Every structure is written in C-alpha cells, then in structure tokens.
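Residue numbers (my numbering), protein chains in the order written: chain A, 16 to 181; chain B, 112 to 400. A short worksheet on the structure shown next.
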Amino acid sequence: MADVQMPPAVPVSVRVNGTARSGEVEARKTLADFLRDDCGLTGTHLACEHGACGACTVLVDGQAVRSCLLFAVQCQTREVVTVEGLTVDPETLTPVQQAFQDCHGLQCGFCTPGFVVSVTAFLADNPDPTEEEIRIGLSGNLCRCTGYQGIYAAVRQAAAELRGSK
Amino acid sequence: MKPAAFDYHAPTTIDEALDLLAAHGDDARVLAGGQSLVPLMAVRLSRTEHLVDLNTIPALAEIGSANGSLSVGSMVRQRTIEHDPTIAATVPLLARATPWIGHFQIRNQGTVGGSLAHADPAAEYPAVALALDAQMEIRSAGQTRTVTAENFFEGLFSTCIEAGELLTAITFPTRQPGEGFAINEVARRHGDFALVGTAARVAVDNQGAVTSSAIAMFGVGTTPQRVTATEQALIGADQDADLNAIAQISSTELAPFDDLHASASYRKRVGAVTVRRALTDAIEEARDG
Numbered sequence: 016m017a018d019v020q021m022p023p024a025v026p027v028s029v030r031v032n033g034t035a036r037s038g039e040v041e042a043r044k045t046l047a048d049f050l051r052d053d054c055g056l057t058g059t060h061l062a063c064e065h066g067a068c069g070a071c072t073v074l075v076d077g078q079a080v081r082s083c084l085l086f087a088v089q090c091q092t093r094e095v096v097t098v099e100g101l102t103v104d105p106e107t108l109t110p111v112q113q114a115f116q117d118c119h120g121l122q123c124g125f126c127t128p129g130f131v132v133s134v135t136a137f138l139a140d141n142p143d144p145t146e147e148e149i150r151i152g153l154s155g156n157l158c159r160c161t162g163y164q165g166i167y168a169a170v171r172q173a174a175a176e177l178r179g180s181k
Numbered sequence: 112m113k114p115a116a117f118d119y120h121a122p123t124t125i126d127e128a129l130d131l132l133a134a135h136g137d138d139a140r141v142l143a144g145g146q147s148l149v150p151l152m153a154v155r156l157s158r159t160e161h162l163v164d165l166n167t168i169p170a171l172a173e174i175g176s177a178n179g180s181l182s183v184g185s186m187v188r189q190r191t192i193e194h195d196p197t198i199a200a201t202v203p204l205l206a207r208a209t210p211w212i213g214h215f216q217i218r219n220q221g222t223v224g225g226s227l228a229h230a231d232p233a234a235e236y237p238a239v240a241l242a243l244d245a246q247m248e249i250r251s252a253g254q255t256r257t258v259t260a261e262n263f264f265e266g267l268f269s270t271c272i273e274a275g276e277l278l279t280a281i282t283f284p285t286r287q288p289g290e291g292f293a294i295n296e297v298a299r300r301h302g303d304f305a306l307v308g309t310a311a312r313v314a315v316d317n318q319g320a321v322t323s324s325a326i327a328m329f330g331v332g333t334t335p336q337r338v339t340a341t342e343q344a345l346i347g348a349d350q351d352a353d354l355n356a357i358a359q360i361s362s363t364e365l366a367p368f369d370d371l372h373a374s375a376s377y378r379k380r381v382g383a384v385t386v387r388r389a390l391t392d393a394i395e396e397a398r399d400g
C-alpha cells in the first residue's frame with residue numbers, strides 16, 4: 016500500500032467541566048469527537064454528525080451548541096460543559112435530570128444527554144416558558160423513540176422546580 | 112460523517128484574514144458560525160485545503176450606528192441579533208426574522224454574515240437584506256467595495272463574493288416614522304427551512320395609505336426575490352384596500368420549483384398567504400406610528 020500522508024496534528028487545549036484537557040489532534044476533529052475520544056467523556060452522544068439531531072449538544076461558554084459543528088481547535092480559550100459536568104457530585108442529579116427521571120422523559124436514553132443539556136440552557140434563558148415555547152425550544156433535539164410527551168412534562172417540572180428554588 | 116483534512120488558520124485581524132485569502136485563493140474557505148458549512152464538510156459536499164476561521168477576529172463582531180443606518184459586523188451572532196435591544200428598535204425586521212432561523216442552539220453559533228454569504232434560497236436573512244436594501248461591505252487585500260443586496264445574490268448558494276474576498280459588514284437603514292415591518296413563513300416544523308415566506312417593509316402617509324413597500328419572498332427560486340408588481344399594486348392602499356387581492360398578484364410573479372417538500376403551485380398559493388399576513392402586520396405597525 017502506498018504511503019498515506021496523515022495531516023499534521025495541532026495542539027489543542029480546552030477547559031472541559033472545569034479541568035484543562037489537552038491533546039494533539041487533527042484540525043478536522045470535531046469537539047464532539049475530542050470529548051469522546053481524547054477526554055473519554057462518552058456522555059456526549061453522536062447520532063447524525065451533521066447538526067440535525069441535537070444529541071451532541073454541550074455548553075460552550077454557557078451556551079448550548081452542537082459539538083459536531085465545532086472543531087476542537089476552535090475551543091482553545093473556551094469553557095466547555097458536557098452532561099457529565101452539570102453536577103459537581105456524580106451521585107446527585109440536577110433538577111432537570113431529576114425531572115427526566117420522574118416524568119419518564121427518556122426511553123432508550125440515547126438522545127437524553129443532548130436534551131438535558133439543551134433544557135438546562137433553555138430554562139436558564141427562559142425560566143417560565145409557555146407550552147408553545149417549550150415545543151419550539153426543544154425543536155432542535157430529536158428523540159427517535161418519539162417520547163416527547165414525557166420530555167415536555169420533564170421540562171415543565173424542572174422549570175417549576177428551578178423557579179421555586181430561587 | 113468526518114470532514115476531509117484541511118489546514119486550519121485562526122487570524123486575529125481582518126487584514127490577516129485577507130492576506131490568507133489572497134495567498135490561497137480558491138483553495139481557501141472562510142468559517143463563520145459553521146452551522147451550514149460544517150455539515151456540508153461532514154457529508155463531503157464541501158472540502159477545502161485551507162480553512163480560515165473568522166471566529167478569532169473581534170473586529171468582525173462589532174455593531175455600530177451612524178447617520179440613519181446600522182452597521183452589523185458579519186460575525187455578529189444570530190443570538191446577539193435576537194436579543195439586542197438596539198437592533199430590535201432600529202432594524203426590527205432583522206430582529207424579528209431571527210427566531211425563525213433554525214433552533215436556539217444553531218443561533219448561538221450562527222452569524223449574520225455566514226447566513227448571507229451561504230445564500231440559501233429558503234433562508235430568512237437574505238430576504239431581509241433584500242427587503243431593506245442592505246449594503247454589503249466586501250473586502251479583499253487592499254480593496255473595499257460595497258454591493259447592494261439586489262446585486263449580491265447571484266444564484267443558488269451563490270453570491271458576488273470572489274475568491275480572496277470577505278464579507279465584513281452589512282449596513283441596514285434604520286427605522287423611520289411611518290414604517291412597518293413583518294416576516295411570515297410556512298415550514299413543516301419550527302426550525303425547518305421555510306417552504307415559502309415573505310419579508311416586508313411598508314411606509315404609510317398621515318392618512319395611513321401606503322406610499323412605498325418592499326416585499327421580498329424566500330423559498331421561491333434560486334435566490335430571494337422582490338415581487339415588484341405586488342409592490343406597485345400596494346401603493347395608495349388605505350384602510351379599505353383588499354390586501355388579499357393585492358397579495359394574490361405575487362403568485363403571478365413567481366416561478367418556484369417542485370421539490371420533495373412542496374410543489375411549485377403550493378409555493379405560489381401559500382406564498383401569497385405569507386404575503387398577505389406579512390403586509391397585514393407591517394401596515395398595522397406603520398399606521399400605529
């Protein structure tokens with residue numbers, strides 16, 4: 016077999032869940048793949064890998080983004096939070112996570128990390144959403160089990176819980 | 112679903128970016144918010160030798176006002192436009208179009224310049240730019256030119272930006288007394304690309320009769336399109352005018368295509384409905400002052 020020339024690796028250093036993570040990766044490596052392959056943070060799920068499904072949603076500088084549409088090299092000075100980093104203590108659940116459990120907001124669970132991160136950001140922006148706002152707010156995440164009713168119920172519970180705790 | 116390899120460049124100034132674009136010509140592409148380009152790279156419909164990231168250039172993310180216009184840097188995020196009170200007050204059509212774009216996660220990263228330069232015929236911002244006669248500032252190493260929105264969009268996903276050039280800012284006229292603005296679209300689900308839609312600007316006189324308008328439709332062809340016969344018919348429209356009949360004229364001006372999502376005749380009929388809805392809202396706002 017002819018020699019395959021590998022593209023040069025570039026150094027990447029990103030703060031993930033409060034910890035500095037660094038590595039040498041190809042420039043084309045997405046943040047999602049960096050989180051999973053280089054950081055071992057497999058809570059961030061990949062389904063469509065082209066920005067349609069929302070499964071890979073993470074927080075970058077506090078805002079929900081699709082980690083399959085950002086390259087790891089773009090996150091040099093940015094603060095990334097994955098589903099693993101929403102709580103400090105892995106034994107406890109956030110109000111959003113607790114609501115997903117209470118309301119049967121997951122079936123197979125594959126889309127759940129993306130939903131949990133999206134809902135966390137959505138409720139930070141809009142603590143008291145209407146039913147229509149919830150549906151629009153969650154339109155960027157797909158659940159292939161189509162278990163949306165439980166997810167909407169979880170958003171309503173989490174919103175009430177978060178408002179009450181303030 | 113992995114992009115082909117590229118060399119990554121992260122310039123920190125506009126001049127540095129222009130030098131990179133001059134050096135690499137057709138072998139370079141610029142990366143704005145990446146919410147359209149990166150999917151195209153992932154499915155290998157797009158590949159490039161050199162990717163020039165604009166996210167590291169603060170000068171492209173500035174907003175400034177002067178002399179009845181608002182200049183918006185090409186890297187201003189859609190999220191910023193959606194929530195900025197100055198834009199809501201001075202260029203309301205731009206602000207109102209924004210929640211229709213994709214999903215909030217997309218708007219957190221997507222930019223105004225990226226959307227315009229990508230020139231998706233079903234996208235909202237190109238129609239807004241057309242309805243407002245926005246001016247596009249396009250720079251290359253050593254040269255700056257300004258192009259009106261009318262001359263900016265050349266075809267499907269295609270603009271007048273040449274290799275070596277960069278869309279740096281977009282200038283929108285600010286709202287004047289007696290003007291009203293509205294956008295309306297029909298999509299299968301919120302966040303999907305519009306099947307068809309309308310962005311409208313109208314101006315009325317003291318009696319509430321329409322003196323001028325700009326009606327830009329999207330999802331109706333290879334580029335957003337002004338429906339000028341409809342605009343003409345709207346002139347003089349007062350409280351008694353039949354907006355539905357005027358909106359119907361738009362269907363005679365369009366030559367949309369059939370595709371998987373909607374037939375051409377559907378786009379014409381529903382397009383006229385979006386024209387009526389947008390005009391109703393825009394005229395109401397204009398008459399309210």
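The beta-carbon is built from N, C-alpha and C at its ideal position, and this holds for glycine as well. For clarity, every value in this text was computed on a predicted model and none was experimentally measured.
Following the DSSP letters along the chain, one finds THR191/B in no beta strand (DSSP E) but inside the alpha helix (DSSP H) bounded by residues 189-194.
Among the residues of the region 298-328 of chain B, those with a Cβ less than 8 Å away from any Cβ of chain A are ARG300, HIS301 and GLY302, in the order of the chain. By the criterion of a C-beta distance shorter than 6 Å, VAL75/A is surrounded in its chain by ARG93 and VAL95, once the five residues flanking it on both sides are discounted. A Cβ of chain A is located within less than 8 Å of the beta carbon of GLY145/B. Runs of the alpha helix (DSSP H) spanning 4 or more residues and lying entirely within the region 340-382 of chain B occur at 354-359 and 361-364, in chain order. Relative to the Cα of ALA233/B, the nearest Cα in the group ASN166/B, VAL183/B, PRO335/B and PHE117/B belongs to PRO335/B.
The bridge partners DSSP lists for GLU39/A are PRO26/A. Rounded to the nearest whole angstrom, the C-alpha separation of ASP164/B and ASP53/A is 23 Å. Taking each of PRO196/B, LEU227/B, LEU142/B and ASP399/B in turn and checking the Cα distance to PRO288/B, the smallest one comes out for ASP399/B. Rounded to whole angstroms, SER82/A and VAL381/B show a C-alpha spacing of 36 Å. Residue burial is scored here from C-beta neighbours: MET328/B has at least 16 other C-beta atoms within 10 angstroms and is therefore classed as buried. Residues of the region 43-63 of chain A with a C-beta atom less than 9 Å from some C-beta of chain B are ARG43, LYS44, THR45, ASP48, LEU61 and CYS63, listed in chain order. Proximity of PRO284/B to chain A, defined by a Cβ-Cβ separation below 8 Å, is not satisfied. Judged by DSSP secondary structure, SER251/B falls within the beta strand (DSSP E) whose first and last residues are 246-251. Contact between the region 346-353 of chain B and the region 368-388 of chain B is not established, with fewer than three Cβ pairs separated by less than 8 Å.
Taking C-beta separations shorter than 8 Å and ignoring five residues to either side along the sequence, the partners of GLU176/A in its chain run PRO110, GLN113 and ALA114, following chain order. With a cutoff of 8 Å on beta-carbon distance, PRO284/B and GLY179/B are scored as near each other. In this structure, the beta-carbon distance from ALA389/B to ILE360/B does not fall below 8 Å. HIS301/B is the residue among HIS301/B, LEU241/B and TYR236/B whose C-alpha sits nearest the C-alpha of ASN156/A. Among the CB atoms of chain A, none fall inside 8 Å of the CB of HIS135/B. For ALA206/B, the closest of GLY213/B, THR197/B and HIS214/B by C-alpha to C-alpha distance is THR197/B. Within the region 216-249 of chain B, the runs of alpha helix (DSSP H) at least 4 residues long that lie entirely inside it are, in chain order, 223-229 and 235-242. Bridge pairing for GLN78/A: VAL75/A [DSSP]. A distance below 7 Å between beta-carbons, with the five flanking residues on each side excluded, links THR145/A to no residue of its chain. Looking at VAL331/B, GLY330/B and THR309/B, the one whose alpha-carbon comes closest to that of THR391/B is THR309/B. Look at SER133/A: its C-beta is under 8 Å from a C-beta on chain B. Between ASN166/B and chain A, the shortest Cβ-Cβ separation is below 8 Å.
A straight line joining the alpha-carbon of GLU273/B with that of GLU173/B spans about 23 Å.
For chain A, the residues of the region 199-223 of chain B that bring a beta carbon within less than 9 Å of one of its beta carbons are PRO210, GLY213, HIS214, PHE215, GLN216, ILE217, ASN219 and GLN220, in chain order. In this structure, THR102/A keeps its C-beta atom at 8 Å or more from the C-beta atom of LEU50/A.
Under DSSP, ILE294/B shares a beta bridge with ALA310/B.
Straight across, the Cα-Cα distance linking THR127/A with GLU342/B is about 48 Å.
The count of Cβ pairs closer than 8 Å, one atom from the region 152-168 of chain B and one from the region 131-139 of chain B, reaches three, so the stretches are in contact. Here VAL313/B is not near ALA240/B, since their CB atoms are 8 Å or more apart. Each of PHE215/B, ALA280/B, ALA366/B and ALA325/B was checked against the Cα of THR255/B, and the nearest Cα belongs to ALA280/B.
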